[in-house]
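*Asks:*
In my numbering, the protein residues as written are 15 to 892.
#1: Within this structure, are the beta carbons of residue 683 and residue 667 separated by less than 8 Å?
#2: Helix or strand or just coil, what does DSSP make of residue 633?
#3: On the three-state DSSP scale, how would you describe residue 275?
#4: Using a Cβ distance threshold of 8 Å, determine whether the segment 114-131 contacts the segment 67-78, with at least three qualifying pairs required.
#5: Quick check on the DSSP output: the alpha helix (DSSP H) that includes residue 795 runs from which residue to which?
#6: Just curious, the alpha helix (DSSP H) that residue 224 is in, first and last residue?
#7: So residue 814 and residue 873 are supposed to be a Cβ contact under 8 Å. How far apart are they, rounded?
#8: Identify whether residue 684 lies in helix, strand or coil by the three-state DSSP scheme.
#9: Cβ of residue 732 within 8 Å of Cβ of residue 763?
#10: Classify residue 699 as buried or exposed, calling it buried when 16 or more other Cβ atoms lie within 10 Å of its own Cβ.
#11: Can you list, in chain order, the residues of its chain whose CB lies under 8 Å from that of residue 214, leaving out five sequence neighbours each side?
#12: The beta strand (DSSP E) that contains residue 807, what's its start and end?
#13: Report the residue from 422, 357, 377 and 418 whose alpha carbon sits nearest the alpha carbon of residue 386.
#14: Please identify the residue among 376, 864 and 646 whose C-alpha is closest to the C-alpha of residue 855.
#15: Assuming residue 809 and residue 842 form a contact by the criterion Cβ under 8 Å, report the distance between their Cβ atoms to the nearest whole angstrom.
#16: Ignoring anything shorter than 4 residues, give me the alpha helix (DSSP H) runs that lie fully in the segment 266-316, in order along the chain.
#17: From residue 628 to residue 782, what does the alpha carbon distance come to, in whole angstroms?
#18: Taking residue 450 as the reference, which of 433, 459 and 484 has the closest Cα?
#19: Sorted by chain position, which residues of the same chain lie with C-beta nearer than 7 Å to residue 377's C-beta, five sequence neighbours on each side aside?
#20: Considering residue 432, what are the terminal residues of the alpha helix (DSSP H) in which it resides?
#21: Below 7 Å CB to CB, which residues in the same chain sit around residue 615 once its five sequence neighbours on both sides are set aside?
#22: How is residue 875 classed by DSSP in three states: helix, strand or coil?
#23: Where does residue 704 sit, in a helix, a strand or coil, going by DSSP?
#24: With DSSP as the reference, please indicate the residues paired to residue 750 in a beta bridge.
#25: From the DSSP secondary-structure annotation, give me the bridge partner or partners of residue 766.
#26: Considering only residues of the segment 543-594, which uninterrupted beta strand (DSSP E) runs meet the minimum length of 3 residues and lie entirely inside it, listed in chain order?
#27: Does the separation of the CB atoms of residue 565 and residue 522 fall below 8 Å?
#28: Where does residue 182 land, buried or exposed, given buried means 16+ other C-beta within 10 angstroms?
#29: Using the C-alpha atoms, what's the distance from residue 153 back to residue 192?
#30: What's the C-alpha gap between residue 692 and residue 721?
#31: Per the DSSP calculation, residue 865 is bridged to which residue(s)?
#32: Identify every residue that forms a DSSP beta bridge with residue 451.
#33: From residue 269 to residue 301, what distance separates their C-alpha atoms?
#34: Given that a residue counts as buried once 16 or more other Cβ atoms are within 10 Å of its Cβ, and exposed if not, what is residue 312?
#35: Can you name the residues that DSSP bridges to residue 857?
#36: Is it buried or exposed for residue 581, if we count other Cβ within 10 angstroms and need 16 for buried?
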C-alpha cells in the first residue's frame, strides 16, 4: 500500500518512469531485439520507451524509424502476449515514417486469421495501418470474415479499421456493406455502434440511401446507446435538410428517444430537438423538460450537459428556457464552478432587467476562480445582455472593466474588449464610459494586437466625443512607453484627432514633430506623412488620406506589386487597379458572432482570419485560359442555386464581376451513378447588349464529382442594359456506365439537356461595398465633381422602417455608414447613409430619407462620379 501511495504522489508531481530518456539511447537499445532467445521483459521496456518518445512529439528520421522497425520484426518469434501486442502498437506508430513496412504483411495476416484471439484484433489494426488500396483487396476476404466474427473485439477492430480505410479505398470498403449490415445486429454495443458508423460512411454521399438506412433502423430497437445517439444525429441532419422537417417520421423517432432508458440517449435527443430550426413550441417543451430534470441530477456530467445546452439555445428559445430559471438559480451555488458559470450566464440571457444587478454580484464572488474558457462564456452573456437592456450599460461596463484588470490570456481579454466595443457602437450613451475603461486598460496592456485595436478605436471614436482632448494623453503615452508596432498605431490615432478636431490641430502637429525623431523607421515615416498632410490645412486631403484610409485588399496589393515589379514597364503603378477590401455584410457579421458565441469551450489557438471570397477566387480564375486578361477581380457573388438540391443534376452559379466583363462559374454535380457526362456546358440566352466572349466546358463529369464550366460575358456599353435576366440550359453528352466502376459501356454517347432556372445579373452584382468613417465629409467632397439624382418612392409593401432599411441595403448592395442602419426605438423618420463603388471605379453615395405613415415613403438622393451610374441606381429602385 505504501508503494502505491508513492506511485500516486509521483503521478501528481508530473514525474514519469521514462522522463529524461534520450532518443539515441533508446534506438541503440533496439539491438536487444536481435538477441536469441528474446528477453520479453527487457524488450517490453524498450518498446514502451519508443512509444513514449513518439507520443511526446519526438521525430524520428526515415532511416532511424526503418532500422527500429526491422529490429522490431524479429520479436514475432516471441510468444509473450504483452510483447506481441506492444509490437503491433509499434508497427502502427512507425508505419507512417519507416520504409518497406509491408514486409510484415504476411506475419500480420497470419496473426489476423490465427486462433489466438488476443492477437487478432491488434493485428487487424496494425495491418490496416500499413496497407494501401491495392493491398486491401488482397485481404478483403479476411476483413469480411473479421467483421462478422463472434469475438466482439475482433469485429470492432475490423469495423474501425474499415472506417479509417474509407479515406483512401472507399470503393473497396463499399463491398463490406453486407457484412456491416449483419454486424449491426450484434448484441455487443460497441460492434453495433461501429457497424452503423461504417454503413453511414459508405452511404453518406447518397442521400436516398441514408434516408433508407435511417428509416429502417428507426423502426428497430438498437441495443447500443452509442449507436442510438449516432442514429439521432443522422436523423437530425436529414430533418435540417427538409423544409417541413418536424412533419417527417424521423422527428417522431427523435422524440421517442426522450423516453429511452439510457440517459446519454435522452440527452442526445433533447439536444437535437432544441437545435432543430423547424421545431414548434409544443415539440420543444418535452425536450426542455428533460434538460430541466437533468439540472437536478446528482451526476455532475448530466447537470453540466443540460445547463450547457440551455445556455446555447437561451437566445433562440427564450420563452422555453425561462421555465427552467428556478432550477438554474439552484445551480448558482453548485460546487462545480463551470456549472455555476453556465447557470448564471443562462439566467443573464433569459432574466429580466431587474435581476441583472443581483446576478452580476453573484458572478463577481467566484469569477476569479474559473478558467479563461468559462470567463469568455460570461463575457458573451454580458454582450447579449447589453444589447437586450441598453440602460444597464453602466453596471455591465463596470464589471467588464474589473475583469479587464484580472489576469488572463489574449483570447479572454480580446473577448472583453470586443464586448465593450460592441456596447459602444450600439449604445451612444455608453461611449464615454467605454472609452475611459479602454484607456485605462491600454496603460498596462501586454498584448500588442489588442493595444493596436483599441488605439484604432480611440482614433475613430475619440474625436467625436464631448472632450476629445482628454484621450490624447493616453495615446501619446503609448508613443513613449510601448514597442514600435503600438507606437505606429498611436501615431495614426493622433492624426485622426488632428484631422477631425481643428482646435487640437496645433498641439497634434507638435506631438507628431517629436515623433519624427523616433528610433523606428515606420513610426518616423508615419509621423512625417501625417504632419505633411495636416500642415496643408485642407479638409479634403484629411478626408482622403487620414480619415478615409485606402481600402485596398492587402493580399491583392501584394500580388499586384509583385507582378508590377516582375514586369517591364515605365508606367507608374496605379493603385486603382488593386481590388478594394471586401466589407462583410451585417448578416455575415451576425453569423460569425453567433458561431463564436455557440463555441462554449475553446479547443485550441485562435484560427487564422479567413480570406474573402474575392481573394479566394482571384488566384483560381487567373489559371483559367482567357480569363487572366480580364483584369483584376472586382466582386464575386454568393452561390446562386439554378436547380433543386435533390435533382439528378445540381447546378450552382457564382458571378465574378470585372470592370468590363462578367465571368459566370457554373459548378455542376452529377448524382446519377449509371451515367458519365462529357462536354458539359451551359447554354445562355444573352440579353440585348451582352456578348459571349468565351465558353469553357467541363470535359468529364463522373458520378458524385463536381465539375466546373465557365462563360465570359462582355458587359453592354449601355449601363441600363447591364441589369438583365438570362435563360439557361445545361447541355452535355451522356454515356451509360457501370455504377460500380464508373467506366462507360460504349465509346459513343447521346446529346441531352436539362433546363435550369433563369439567371439574373442585378445592380448589386456590379457594386462593391465601401466603409466610410466620415460619410458627411465624403458627401460634401463629392458635391463638387459629381452628378446628383433625386427621386421619391412609396414603399407600400413595407410596414416598418427596419424592414425598409434591410431591403434597401440588400437590393443596392451598398455599405451603411455611421451606423445609420441602426434605428432607435419609437422613431417614425430615419436617414440611411450608404456608400460603394461601381465596377470601373465610379464612387456612389446614397442618402435615403425614410418616413413611416401608412407605408414607408423614401426620398432617395444619389451622387456618383459617373452620371449614368447615378441614373442607373435611381432607375433600378423605381
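Glycine included, C-beta positions come from ideal geometry on N, C-alpha and C.
*Replies:* Taking the definition as stated:
#1: Cβ distance not < 8 Å, so residue 683 and residue 667 don't count as in contact.
#2: In the three-state DSSP reduction, residue 633 falls in the helix class (H, G or I).
#3: Three-state result, residue 275: coil.
#4: Cβ pair count under 8 Å is below three, so no.
#5: Taken as a continuous stretch (DSSP letters only), the alpha helix (DSSP H) holding residue 795 covers 789-796.
#6: Note, residue 224: alpha helix (DSSP H), 221-232.
#7: The pair is not a contact, with the Cβ atoms about 18 Å apart (cut-off 8 Å).
#8: Looking at residue 684 - three-state DSSP - the assignment turns out to be strand.
#9: With respect to the 8 Å criterion, residue 732 and residue 763 are not classified as neighbours on the basis of their beta carbons.
#10: Counting every other CB atom within 10 Å of its CB across the protein chains shown gives residue 699 a total below 16, marking it as exposed.
#11: Answer for residue 214: 224, 227, 244 and 248, listed in chain order.
#12: Element bounds for residue 807: 801-809.
#13: Cα-wise, what sits closest to residue 386 is 422.
#14: Residue 855 has its Cα closest to that of 646, out of 376, 864 and 646.
#15: Not quite, the Cβ-Cβ distance comes to about 14 Å (not below 8 Å), so this is no contact.
#16: Runs of the alpha helix (DSSP H) spanning 4 or more residues and lying entirely within the segment 266-316 occur at 277-289 and 295-308, in chain order.
#17: When rounded, the distance between both Cα atoms is 11 Å.
#18: The shortest Cα separation from residue 450 among 433, 459 and 484 belongs to 484.
#19: Result list for residue 377: 358 and 392, in chain order.
#20: Note, residue 432: alpha helix (DSSP H), 424-440.
#21: Because residue 615 sits at a pLDDT of 36, beneath the cut-off of 50, its placement in the model cannot be relied upon, and the point is left open.
#22: Residue 875 carries a strand assignment under DSSP once its states are collapsed to helix, strand and coil.
#23: Looking at residue 704 - three-state DSSP - the assignment turns out to be coil, as it is neither helix nor strand.
#24: Beta-bridge pairing links residue 750 to 689.
#25: For residue 766, the pairing in a beta bridge is given by DSSP as 746.
#26: Taking only runs of at least 3 residues, no beta strand (DSSP E) segment lies wholly in the segment 543-594.
#27: The answer is no: Cβ separation not under 8 Å.
#28: With fewer than 16 Cβ atoms within 10 Å of its Cβ, residue 182 is classed as exposed.
#29: Between the alpha carbons of residue 192 and residue 153 lies a gap of roughly 17 Å.
#30: Each residue's alpha carbon lies about 10 Å from the other.
#31: According to DSSP, which records beta bridges pairwise, residue 865 is partnered with 843 and 871.
#32: The partner list for residue 451 (beta bridge, DSSP) is empty, contrary to what the question assumes.
#33: About 8 Å.
#34: Burial state of residue 312 is exposed, judged by a 10 Å Cβ sphere holding fewer than 16 other Cβ atoms.
#35: Partner(s): 851.
#36: So residue 581 counts as exposed.
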